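See structure below.
Residue numbers (this note's numbering), protein chains in the order written: chain L, 1 to 224; chain Z, 1001 to 1476.
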């Protein structure tokens, strides 16, 4: 997967380049809109990460320009503004996504994967298997080995999200966004409590734990 | 000195007001005078015309009834001269030969009779061109005479005509005098009017001048100064009051900003210190397993910090009216239910019981993301501050034109001293570990949605928070 990062702030650009390269992407970067435009219209990128506050042209204008030149790659918008304006939210509905600064690297990776998955045409399977955990997406049932897990609908959705991202770290914000469809940032540990309860049912005594806490970042589901 | 004073006065609004008032006043009085002048002139002419026709009738009677003999010319001349002398009595008691009346009698086959100022030829020429109806006075200009003559004619027996002309010099003199006197009085009136309006305008605008001098002297450091307010209810007193109210608002905002910056600075200090400490220790003991723990700790603290900053910024935007609301018609009950589901395990973990009484189908226009954060904020508060093992109830119901969300508990309630200031930022309970922006945020968002939020005691003795949001009319 090849990415283009368009960001004028050198510190953020370098950190994104390094972080996304470590996450397995092939990364190019540009510091201004015009040189990025020249790269983007070549059509070799699978996704773009665009900062709204570019020195030469407005980030949204940049997106409009590459769109008008036939680029269809999904765009993850980075914005310094807390309340993202309506135009950006409009783009989000058009298939793109946005993040406000400060953001976690895990968040950028997860949203990019999400955008790329949305744009790929993989057929949806009816089962997800991670280690000895098996999720039947049609019957909404989860099994650990031969043991049927007694999960609530909410817990199943949470486990499904973790399994879909098996091996990747997901942040609390991502979990809230995808499982509860809410962009909130609770002051208390609501997500941790849900994970704790889910873990109590999935990782019972005597089996290998699947759900791991990455302190300071979030959670990951993977067989050790 | 006096020149600069004059040029300074000329640049004032008082000067312009006085000039315009005077011009308007002068134009109006001039129009009134012209109308009056025309009316008087018409009356004067009517009066002289009446004399002329009357006299013309008399003379034509005389001509008609005088026997045609050698003396008739003499007789007619005498009568005509008598008539013209009547005018002299009015006009010039000195008794000069009348310059303002002429009489002509034309007779077929005989010389015309002429009584009036010489040369006779000019008059004869002038009347020869007349072709109007008899007995109706018309104006005729005679060369050498400044005023036109009013002339009336009539037929007499034997195919003759008599002409009688009269130039109303007395009337003209009177009208002339009227004009000169008016001009004198008019100038005096204009000057007086200008003086009065200038004095009034300068006096009034001096009050404005004083206001601007006072306002000019108010710096950011002494926002407490106010303009003197008078009991009068004129525009300028209102201006003073408006200024004072504006200063009140500015003072409040500046105070708020100071509180916010002070508190943010204060709130930043301790986490920054502890984050720095964690990282420092991690650097020093990079080889131990402990460093991972410390870095993670620093990241978590940074997350809290950016959360505080974000909320403070949202609040600032909401206050400035710049928070963009992305309104959707949504079911408040569904929103609250979704959030309650999210928070349910957190309540259970602290042995609280969360009861939900939700009336579905109450639709409001709201920004789902901001409203979710608002309600999450309140639920966070309950989770964080209630002593363990309490009952919490969340109710969504209809209250007249509003959808109402009531959140109540049987905890210790709001301390009395906090209740009235609970929605101000950085006001928080003594043992609260929050940033003190939560309820201020709730208040700002609910207000931005046209709703209201109140805090009271719940029936169980704890706190009760009510949020009212206007319902939308949904077609059945």
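Think of the CB as a built atom: it goes at the ideal place given N, C-alpha and C, for glycine as much as any other residue.
Computed from a predicted structure; not experimentally measured.
Supposed contact pair residue j and residue i - C-beta distance, whole angstroms, cut 8 Å
i	j	result
residue 1374 (chain Z)	residue 1472 (chain Z)	With a Cβ gap of about 18 Å, residue 1374 (chain Z) and residue 1472 (chain Z) do not count as contacting.
residue 144 (chain L)	residue 136 (chain L)	That belief does not hold up - the Cβ atoms of residue 144 (chain L) and residue 136 (chain L) are roughly 13 Å apart, past 8 Å.
residue 66 (chain L)	residue 30 (chain L)	Not quite, the Cβ-Cβ distance comes to about 12 Å (not below 8 Å), so this is no contact.
residue 1122 (chain Z)	residue 1143 (chain Z)	6 Å
residue 1251 (chain Z)	residue 1223 (chain Z)	4 Å
residue 1129 (chain Z)	residue 1150 (chain Z)	Going by Cβ atoms, the distance from residue 1129 (chain Z) to residue 1150 (chain Z) rounds to 16 Å, so no, they are not a contact pair.
Start and end residues, alpha helix (DSSP H) containing residue i
i	result
residue 1405 (chain Z)	Here residue 1405 (chain Z) belongs to no alpha helix (DSSP H); instead the beta strand (DSSP E) covers 1402-1409.
residue 1195 (chain Z)	1169-1216
residue 1278 (chain Z)	1235-1284
residue 1443 (chain Z)	1438-1448
residue 1307 (chain Z)	1290-1319
residue 1332 (chain Z)	1332-1349
residue 1046 (chain Z)	1013-1065
residue 194 (chain L)	190-202
residue 14 (chain L)	10-22
residue 1131 (chain Z)	Run containing residue 1131 (chain Z): none; DSSP gives neither H nor E here.
CB of residue i within 8 Å of CB of residue j, strictly
i	j	result
residue 1229 (chain Z)	residue 193 (chain L)	no
residue 1418 (chain Z)	residue 1372 (chain Z)	no
residue 1457 (chain Z)	residue 1389 (chain Z)	no
residue 1197 (chain Z)	residue 1011 (chain Z)	no
residue 1053 (chain Z)	residue 1135 (chain Z)	yes
residue 1440 (chain Z)	residue 1424 (chain Z)	yes
residue 116 (chain L)	residue 99 (chain L)	no
residue 169 (chain L)	residue 216 (chain L)	no
residue 1402 (chain Z)	residue 1309 (chain Z)	no
residue 1029 (chain Z)	residue 1175 (chain Z)	no
residue 1152 (chain Z)	residue 1137 (chain Z)	yes
residue 1311 (chain Z)	residue 1437 (chain Z)	yes
residue 33 (chain L)	residue 62 (chain L)	yes
residue 73 (chain L)	residue 110 (chain L)	no
residue 1294 (chain Z)	residue 1278 (chain Z)	yes
residue 1359 (chain Z)	residue 185 (chain L)	no
residue 1243 (chain Z)	residue 1275 (chain Z)	no
residue 1084 (chain Z)	residue 1063 (chain Z)	no
Closer than 8 Å at the beta carbon, the chain L residues around residue i
i	result
residue 1264 (chain Z)	The contacting residues do not exist; residue 1264 (chain Z) stays about 14 Å from chain L at best.
residue 1270 (chain Z)	Those do not exist, as residue 1270 (chain Z) stays about 17 Å from chain L at its closest Cβ, beyond 8 Å.
Contact set between residue i and chain L, taken where Cβ atoms lie within less than 9 Å
i	result
residue 1307 (chain Z)	185 and 187
Under 9 Å by beta carbon: chain Z residues contacting residue i
i	result
residue 209 (chain L)	Going along chain Z, no residue has its Cβ under 9 Å from residue 209 (chain L), so there is no contact; the nearest lies around 18 Å.
residue 215 (chain L)	1292, 1293, 1295, 1296, 1297, 1299 and 1300
residue 140 (chain L)	By Cβ distance, chain Z contributes nothing, its closest Cβ being about 16 Å from residue 140 (chain L), past 9 Å.
residue 194 (chain L)	1342, 1345 and 1346
Chain L contact residues for residue i, given Cβ-Cβ distances below 7 Å
i	result
residue 1342 (chain Z)	180 and 190
residue 1383 (chain Z)	188
residue 1376 (chain Z)	184 and 186
residue 1380 (chain Z)	186, 187 and 188
residue 1349 (chain Z)	193
residue 1338 (chain Z)	180
residue 1372 (chain Z)	182 and 184
residue 1018 (chain Z)	Here the premise fails: no neighbours, minimum Cβ distance about 52 Å.
residue 1278 (chain Z)	None at all; the shortest Cβ gap to chain L is about 11 Å.
Beta-bridge partners of residue i, as assigned by DSSP
i	result
residue 1467 (chain Z)	Z:1405 and Z:1453
residue 1153 (chain Z)	Z:1163
residue 141 (chain L)	L:136
residue 98 (chain L)	L:77
residue 27 (chain L)	L:3
residue 1366 (chain Z)	Z:1328
residue 1114 (chain Z)	Z:1104
residue 1352 (chain Z)	Paired residue(s): none; residue 1352 (chain Z) is not in a bridge.
residue 147 (chain L)	L:144
Proximal residues of chain B, C-beta to C-beta of residue i below 9 Å
i	result
residue 55 (chain L)	Here chain B cannot be found, since the structure's protein chains are L and Z.
Element boundaries [beta strand (DSSP E), containing residue i]
i	result
residue 1103 (chain Z)	1101-1107
residue 218 (chain L)	218-221
residue 69 (chain L)	Element bounds for residue 69 (chain L): n/a, residue is neither H nor E.
residue 1396 (chain Z)	1391-1399
residue 50 (chain L)	47-51
residue 130 (chain L)	127-130
residue 179 (chain L)	That residue, residue 179 (chain L), is in no beta strand (DSSP E); its alpha helix (DSSP H) goes 172-179.
residue 1458 (chain Z)	From DSSP, residue 1458 (chain Z) is part of no beta strand (DSSP E); its letter is neither H nor E.
Partner residues on chain Z for residue i, Cβ-Cβ distance less than 7 Å
i	result
residue 150 (chain L)	The contacting residues do not exist; residue 150 (chain L) stays about 15 Å from chain Z at best.
residue 154 (chain L)	1341
residue 102 (chain L)	1306
Interface partners of residue i on chain Z, CB under 8 Å
i	result
residue 197 (chain L)	1345
Cβ-heavy atom distance, residue i to the ligand NAD, below 7 Å
i	result
residue 1178 (chain Z)	Here there are no bound small molecules, and the ligand NAD is not part of this structure.
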